[in-house]
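Engineer: Quick note, the sequence shown lines up with residues -21 to -1, 1 to 125 if you use mature numbering (1 follows the signal peptide of the UniProt record, and there is no 0). No residue lacks a Cβ here, since even glycine has one placed at the ideal position from N, Cα and C. I have a structure I would like to understand better, so I am pasting it below and will then ask my questions one at a time.
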Amino acid sequence: MMKTIFCCLLASLLLSTTSSAQTGLVLYKQTDNSCAILHESFSLINRTISLNRYQQSQSEVDSWTSCDKFYHLFASAFISGMGLWALESTHNDPQQSMISSFGITVGLGGAKEIYDSHHPHRQASWKDLIVDAIGAALGVLVVHAL
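Put into structure tokens, the structure is as follows:
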């Protein structure tokens, strides 16, 4: 039950961090003891991570203290936490679930950095990938502790 509440709070916080007009977007659907993420959440996470990039210079965006790093941290914690919660709720081995959720989240962060490196208006950053890994670890640890 605590994991359901935590997942719903994370989803609500993610919605509140966007300046999108679509704040009424349904991010999750709560059933018995599960919280299923809809495909719209990925576009919302992408918009959240990209928020304010166009208003800042590249050096400001790549600073360790930039809003971009917070968005990477939060999105990675959210993805890994929800992934772990989904895996554990299907009665998978807890240790394997933690490793899988962490690995998948860091892999997604790496894929995004590869994507950024191949597009002219974006720039890949090792700092983003490091913050993604920290966020993935935080998400896994918090959800596992609940």
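Do the segment 71 to 89 and the segment 49 to 62 make contact, defined as three or more Cβ pairs closer than 8 Å?
Structural biologist: yes
Engineer: Would you kindly report the start and end of the unbroken alpha helix (DSSP H) that includes HIS123?
Structural biologist: Within the sequence shown, the letter at position 144 stands for residue 123. Element bounds for HIS123: 105 to 124.
Engineer: State whether the segment 117 to 124 contacts the segment 99 to 109, with contact taken as three or more CB pairs (one from each stretch) at a distance under 8 Å.
Structural biologist: no
Engineer: What distance in whole Å lies between the Cβ atoms of ASP72 and GLU92, which are believed to be in contact at a cut-off of 8 Å?
Structural biologist: To locate residue 92, count along the sequence shown from 1; it is residue 113. To locate residue 72, count along the sequence shown from 1; it is residue 93. Actually they do not touch by this definition, with Cβ atoms about 30 Å apart.
Engineer: When DSSP labels each residue in this structure, what does HIS51 get in the three-state scheme?
Structural biologist: Position 72 of the sequence shown, counted from the start, is the residue given in the question as residue 51. If DSSP states are grouped into helix, strand and coil, HIS51 belongs with the helices.
Engineer: By Cβ distance, which residues of its chain are closer than 8 Å to HIS97, with the 5 residues on each side in sequence left out?
Structural biologist: Counted from its first residue, the sequence shown places residue 97 at position 118. Around HIS97: no qualifying Cβ.
Engineer: Going by alpha carbons, who is nearest to ASP111 out of LEU63, ALA65, PHE81, SER76?
Structural biologist: Locating residue 111 in the sequence shown gives position 132, counting from the first residue. It is PHE81 whose Cα lies nearest to the Cα of ASP111.
Engineer: Mapping DSSP to helix, strand and coil, what is SER42?
Structural biologist: What you label residue 42 is simply residue 63 of the sequence shown in a count that begins at 1. Reduced to three states, the DSSP call for SER42 is coil.
Engineer: Helix, strand or coil for ASP95? Go by DSSP, reduced to three states.
Structural biologist: What you label residue 95 is simply residue 116 of the sequence shown in a count that begins at 1. ASP95: helix per DSSP, three-state reduction.
Engineer: Closer than 6 Å by C-beta to LEU117: which residues in its own chain qualify, once you throw out the five before and the five after it? Chain order, please.
Structural biologist: Here residue 117 corresponds to residue number 138 of the sequence shown, with the count starting at 1. ALA56, listed in sequence order.
Engineer: Give the single residue among SER68, TYR94, LEU63, HIS70 whose Cα lies nearest to the Cα of SER79.
Structural biologist: By 1-based counting over the sequence shown, the position of residue 79 is 100. Ranking SER68, TYR94, LEU63, HIS70 by Cα distance to SER79 puts LEU63 first.
Engineer: Could you tell me the distance, in whole angstroms, from the CA atom of SER76 to the CA atom of PRO99?
Structural biologist: Reading the sequence shown from its first residue, position 97 is the one you call residue 76. Reading the sequence shown from its first residue, position 120 is the one you call residue 99. The straight-line gap from Cα to Cα measures roughly 36 Å.
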